[in-house]
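Engineer: Counting from 1, one number per residue, gives the positions in the sequence shown under full-length UniProt numbering. Beta carbons: idealized from backbone N, C-alpha and C, even for Gly.
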Amino acid sequence: MNEPTSDLSVRVDGRTDVGADLVVLDLVRADGGALPLWAPGAHVDVLLPSGLVRQYSLCGTEPDHWRIAVLREAAGRGGSAWLHTNAQAGSVLGIAGPRNHFAFEATGAPVVLIAGGVGITPILPMAVAAVAAGADVVLHYAGHEGRMAFVDELVALLGDRLVLHVAERGQRLDVDAVLGAAAGAVVRCCGPAGLVDAAERAAEAYGLDFHAERFVAEPLSAPVWAGDFEVEMASSGLTVTVPPDRSILEVAEENGVFVLSSCHEGTCGTCETPVLEGDVDHRDSILTPSERERGDLMYICVSRAACPRLVLEL
1 MNEPTSDLSV
11 RVDGRTDVGA
21 DLVVLDLVRA
31 DGGALPLWAP
41 GAHVDVLLPS
51 GLVRQYSLCG
61 TEPDHWRIAV
71 LREAAGRGGS
81 AWLHTNAQAG
91 SVLGIAGPRN
101 HFAFEATGAP
111 VVLIAGGVGI
121 TPILPMAVAA
131 VAAGADVVLH
141 YAGHEGRMAF
151 VDELVALLGD
161 RLVLHVAERG
171 QRLDVDAVLG
181 AAAGAVVRCC
191 GPAGLVDAAE
201 RAAEAYGLDF
211 HAERFVAEPL
221 SAPVWAGDFE
231 VEMASSGLTV
241 TVPPDRSILE
251 VAEENGVFVL
261 SSCHEGTCGT
271 CETPVLEGDV
281 DHRDSILTPS
291 ERERGDLMYI
301 CVSRAACPRL
311 VLEL
């Protein structure tokens, strides 16, 4: 089985600790070359020595500058803890990407940005892009005292168009009220599940253009196709049977086809796979309704066939 490989190596050029649980890392290319350009909403995969792969949003303010923020996750599998302990100035990390499943482009419509906690990381570059485009933008940022990153940058960028909701000050974020007063706005949101769910419900109720990035997968409904199905792996020349209790990703790897993956719950986008033939039961928390309708991509850690046979670019 093939092992994961990085696209390039980066060196930690600077480290800033924000409270006890968040660290911000500035990254440069280890060989001194130029980093790949990126756009708001992009993320990179960090390949750790243990074999774990972790996704972090790029949260710099310039397209040629890479910066990520790592929240220590007490219930995680050790990736964030390793970075908190070992990612110091001068450390070298393997990186794949960048990729973008949460793209943003200012179109002239009003923009409402909503962030909770470390969800500010993909939202900050969107605020920069909206200001540069001359958009009417407001950012609502919720979090805890002493644990909210980039506040000084955001104040300088947005002034009174930044609205902080600090839990310890009783500054509750009422997304229904915010979006109810945002007629015609483009809404982008990232944060805890409760915040994203509330924003999605409000945006749907008010008919707003809404897209979110989730840290936790949405609850899964019953599969469209309940039985076994076949998957033809076009590049590998294999055809396999996927039973109801196994994912396409698991069956592929059992048959020696390595696919870079991480979350195994349809939130990170690492296992994105082109669909050549067949109908897909999309069960991820990434694709928009129009992207699902197009049917040319799927996330094989959770999404399944909605028919007896799929042909995938694997």
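1) Just reading off the beta strand (DSSP E) that H140 is part of, what are its end residues?
2) Residues in the same chain with beta-carbon distance under 8 Å from D64, minus the five sequence neighbours each way, listed in chain order, please.
3) Report the option in D284, D296 and H211 whose CA atom is closest to the CA atom of F104.
4) Which same chain residues, not among the five before or five after S247, have their C-beta less than 6 Å away from its C-beta?
5) Quick one: using the 10 Å Cβ neighbour count with 16 as the cut-off for buried, is S261 buried or exposed?
6) I want to know whether the segment 273-283 touches the segment 185-204 - three or more CB-CB distances under 8 Å.
7) Would you call the segment 93-110 and the segment 175-186 touching, i.e. three or more CB-CB distances under 8 Å?
8) Going along the chain, which residues of its own chain have a beta-carbon closer than 8 Å to the beta-carbon of S91, five neighbours each way excluded?
9) Count the other CB atoms, across all protein chains shown, that sit within 10 Å of the CB of Y299; report buried if there are 16 or more and exposed otherwise.
10) When you compare each of R292, R161, E254 and I114 to D176 by their alpha carbons, which one comes out closest?
11) Give the secondary structure of W225 by DSSP, where H, G and I count as helix, E and B as strand, and everything else as coil.
12) Pull up the distance between the alpha-carbon of L312 and that of A96, whole angstroms please.
13) For I300, which three-state DSSP category applies?
14) Buried or exposed for L220, please, with buried defined as at least 16 other CB atoms from any protein chain shown within 10 angstroms of its CB.
15) Please report the straight-line C-alpha distance between A193 and E253, rounded to a whole angstrom.
16) Distance, Cα to Cα, V231 vs V240?
17) Mind listing, in chain order, the continuous beta strand (DSSP E) runs of no fewer than 3 residues lying wholly within the UniProt domain "FAD-binding FR-type" (5-105)?
18) Select from I286, V24 and L27 the residue whose C-alpha is nearest the C-alpha of H264.
19) Taking 8 Å as the threshold (C-beta atoms), are V138 and residue 330 in contact?
20) With L117 and G143 assumed to form a contact (beta carbons below 8 Å), what rounded beta-carbon distance in angstroms separates them?
21) Can H101 and G269 be called in contact, C-beta distance under 8 Å?
22) From this set, R161, A133, H165 and R29, which residue's C-alpha is nearest Q146's C-alpha?
23) One question on the structure: do G19 and G119 come within less than 8 Å of each other, judged by their Cβ atoms?
24) Please classify E3: does DSSP put it in a helix, a strand, or coil?
25) In angstroms, rounded to a whole number, what distance separates the CA positions of E293 and A127?
26) Express the C-alpha separation of L249 and D256 in angstroms, rounding to a whole number.
27) Please return the same chain residues whose Cβ sits closer than 6 Å to the Cβ of L124, not counting the five positions on each side in sequence.
28) Count the other C-beta atoms from every protein chain shown that fall within 10 angstroms of the C-beta of P289, then say buried if there are 16 or more, exposed otherwise.
Structural biologist: Concretely, from the data shown:
1) V137 to G143
2) A34, L35 and L37
3) H211
4) C301
5) buried
6) no
7) yes
8) R11 and V12
9) buried
10) I114
11) coil
12) 22 Å
13) coil
14) exposed
15) 30 Å
16) 5 Å
17) 8-18, 22-29, 42-47, 53-57, 66-71 and 92-100
18) I286
19) No information on residue 330 is available, as it lies outside the stretch 1 to 314 that the chain covers here.
20) Note that residue 117 is Gly in the sequence shown here, rather than Leu. With 8 Å as the limit, G117 and G143 qualify as a contact, their Cβ atoms being about 5 Å apart.
21) yes
22) The amino acid at residue 146 is misidentified as Gln; the sequence shows Gly. Comparing Cα-Cα distances from G146 to each of R161, A133, H165 and R29, the minimum goes to H165.
23) no
24) With a pLDDT of only 44 at E3, under the threshold of 50, the placement of this residue in the model should not be trusted, and no figure is reported.
25) 29 Å
26) Strictly speaking, residue 256 in this sequence is Gly, with Asp absent from that position. In a straight line, the C-alpha of G256 is about 11 Å away from that of L249.
27) C59 and F150
28) exposed
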